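Trainee: First the structure, then my questions, so here it is.
Numbering (the numbering used here), first residue to last: 30 to 555.
In structure tokens:
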């Protein structure tokens, strides 16, 4: 039934993309869908982009393995989207048009800013794409019961091609409809499974938490802070670093921020974000119950034995919720759960490929020509989807048998250390200069790329990407505690070194566009 469900979903979603795909010379429809989605649908699409397969499987696994620390991680994801909602969403919508490069170039025109923004966009999203694609093979192997490496590789290639098609054919509106379908299936099936788990414990969350602690092997520590980072030299600082990275980095990733440009007005973006935050908050409740249910009904040792990262905990908890005797209705429900996770993988990568392709076509290629025709730019965007997707597929087949946690962490660290400082400075600091922007994006990214190989996610641990090696020298699991302050410091230093004259020029230019950015006084296309 799962195979039938997967095939049906792939067929329907591809058909949706074909039916809603834009005309060949309509850039606004391809990049933003004309802002035609209602606030509810746009908000659910934002939530769909934000809740990736890494969120579903990874967060569920951390909750099942580490209890309290996993709940804090889930809450941090919701807090990150709330930060985007209250601080950046409206100015982003006002300043940008199609891409993050548009938002930054509103103040600092020129190809250098756009090309650097494109490079950071691809650097931040490519690792997440690899995680989703490599996870596809593992998911199908787990659900369908095969273990052959060749079959897993074939699944990655086939589904990667499908995801490129989503981005190239459907554009923003097509991928938004897929995100809508995904979030409805994911939350709907998750709520039913969460209700079944609570029913097993007489609707008593306390009994569920106690049972999870009993079968965790950690006792009361499972329900207290610090279990996830207990083996490190500085567990408290490590946890702060991890949560700071998620809060600042999660909602600033380009495939999430590009959804701000699909709202037709400032009021629409506020209402859309309200729906998005509500959807993510509901997801946090669902994944918490299912994660604890997996620990209570399956056991931490069994979950860790199947996957040391706990990525199968969400599915194991859903299976266990039905008990020993499974009815036809329960089999259908589990098929819905697995299909929802499968659709999450498809939709997440489709949105990320679209964000990278849009930036590559609009920020790099289109700016080289004084007046590029819309038809040619759209062709470039579709070719760019292929140019981004094919290397992602190849790399995913190479890393599929390694621990993928470093790649997830790398994306969030880049979002928190390079993109978040650039957006905050670019939208709110009057003196911010082009040199400061380039220093922020390049300095923040280089800091992450230099520190990340030294973490215990890459080596020095049995569950690291290279367990046979040990070049672990950085004391924290994530780079955020060091790289985030350095990202902001690079922007400040670059601006200061630009000189007073440049700063005054930039201040005057910002004051000229301040009404556009902060209040939407002039529409983006004017």
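Where is the CB? At the ideal position from N, CA and C, for every residue including glycine.
These figures come from a predicted structure and were not determined experimentally.
Ordered along the chain, which non-local residues of its own chain (more than five positions away) have a Cβ less than 7 angstroms from that of residue 253?
Mentor: Cβ neighbours of residue 253 beyond the five flanking positions: 97.
Trainee: How about residue 494 and residue 486: are their beta carbons less than 8 angstroms apart?
Mentor: It is a contact, given that the beta carbons lie within the stated cut-off.
Trainee: Where does the unbroken alpha helix (DSSP H) through residue 387 begin, and where does it stop?
Mentor: It spans 357-388 - the alpha helix (DSSP H) in which residue 387 sits, taken as one unbroken run.
Trainee: Measure how close the beta-carbons of residue 75 and residue 301 come, nearest whole angstrom, since I'm counting them as under 8 angstroms.
Mentor: Confirmed, about 6 angstroms.
Trainee: On the criterion of 16 or more Cβ atoms from any shown chain inside 10 Å, does residue 233 qualify as buried, or is it exposed?
Mentor: Burial call: exposed.
Trainee: For residue 488, which beta-bridge partners are listed by DSSP?
Mentor: 495.
Trainee: DSSP three-state label for residue 242, please.
Mentor: The answer is helix: DSSP assigns residue 242 an H, G or I state.
Trainee: In its own chain, which residues sit with a C-beta less than 6 angstroms from the C-beta of residue 140, not counting the 5 before and 5 after it?
Mentor: The residues are 396.
Trainee: Can you give the Cα-Cα distance for residue 153 and residue 284, rounded to whole angstroms?
Mentor: C-alpha separation (whole angstroms): 10 angstroms.
Trainee: Just verifying my parser: in three-state terms, what is the DSSP assignment at residue 80?
Mentor: Reduced to three states, the DSSP call for residue 80 is coil.
Trainee: Could you name the residues of the same chain whose beta carbon sits closer than 6 angstroms to that of residue 251, not counting the 5 residues immediately before and after it, in chain order?
Mentor: So the list reads 96, 242, 245, once near-sequence residues are dropped.
Trainee: Rounded to the nearest angstrom, what separates residue 552 and residue 418 at their Cα positions?
Mentor: Unreliable placement is indicated for residue 552, whose pLDDT of 44 sits below 50; no coordinate value is reported for it.
Trainee: From the DSSP output, in three-state form, read off residue 42 for me.
Mentor: In this structure, residue 42 counts as helix in the three-state DSSP scheme.
Trainee: Could you compute how far the alpha carbon of residue 344 sits from the alpha carbon of residue 166?
Mentor: The alpha-carbon atoms of residue 344 and residue 166 are separated by roughly 15 angstroms.
Trainee: Look at the alpha carbon of residue 512 and the alpha carbon of residue 442, and state the distance between them as a whole number of angstroms.
Mentor: Approximately 8 angstroms, taken between the alpha carbons.
Trainee: With a Cβ-Cβ cutoff of 8 angstroms, do residue 349 and residue 369 count as a contact?
Mentor: Going by C-beta atoms, residue 349 is not nearer than 8 angstroms to residue 369.
Trainee: Does residue 146 pass the burial test, meaning 16 or more other C-beta atoms within 10 Å, or should it be called exposed?
Mentor: Residue 146 comes out buried.
Trainee: Does residue 259 pass the burial test, meaning 16 or more other C-beta atoms within 10 Å, or should it be called exposed?
Mentor: Exposed is the call here.
Trainee: Taking C-alpha atoms, which residue in 427, 135, 342, 452 lies nearest to residue 86?
Mentor: Nearest C-alpha to residue 86: 342.
Trainee: Could you tell me whether the region 463-472 touches the region 221-231, where touching means 3 or more Cβ pairs closer than 8 angstroms?
Mentor: At 8 angstroms Cβ cutoff, the stretches do not touch.
Trainee: Which of the three DSSP states is assigned to residue 339 in this structure?
Mentor: It is coil, neither helix nor strand.
Trainee: Here's the rule: buried if 16 or more other CB atoms are within 10 angstroms of the residue's CB, otherwise exposed. What is residue 93?
Mentor: Residue 93 should be labelled buried.
Trainee: Distance, Cα to Cα, residue 294 vs residue 305?
Mentor: Roughly 16 angstroms separates the two Cα atoms.
Trainee: Evaluate residue 30 with the Cβ neighbour count: other Cβ atoms within 10 Å of its Cβ, from every protein chain shown; 16 or more gives buried, anything less gives exposed.
Mentor: Exposed, since its Cβ has fewer than 16 Cβ neighbours within 10 Å.
Trainee: Would you mind stating whether residue 80 and residue 309 have Cβ atoms separated by less than 8 angstroms?
Mentor: Taking 8 angstroms as the Cβ cut-off, residue 80 and residue 309 qualify as a contacting pair.
Trainee: Closest to residue 211 by CA distance: which of 112, 42, 509, 119 is it?
Mentor: Of 112, 42, 509, 119, the residue nearest in Cα terms is 42.
Trainee: For the alpha helix (DSSP H) holding residue 521, just list the boundary residues, first then last.
Mentor: It spans 509-526 - the alpha helix (DSSP H) in which residue 521 sits, taken as one unbroken run.
Trainee: Please identify the residue among 77, 133, 407 whose C-alpha is closest to the C-alpha of residue 535.
Mentor: When only C-alpha atoms are compared, the closest one is 133.
Trainee: Taking C-beta to C-beta, are residue 68 and residue 297 nearer than 8 angstroms?
Mentor: Going by C-beta atoms, residue 68 is nearer than 8 angstroms to residue 297.
Trainee: Are any of the Cβ atoms in chain C nearer than 8 angstroms to that of residue 370?
Mentor: Here there is only one protein chain, and chain C is not present.
Trainee: For a test of the three-state rule: what should DSSP assign to residue 537, helix, strand or coil?
Mentor: Residue 537: helix per DSSP, three-state reduction.
Trainee: Any chance the region 316-332 sits against the region 182-198, with 3 or more Cβ pairs inside 8 angstroms?
Mentor: No, because fewer than three Cβ pairs between the region 316-332 and the region 182-198 fall closer than 8 angstroms, the two stretches do not touch.
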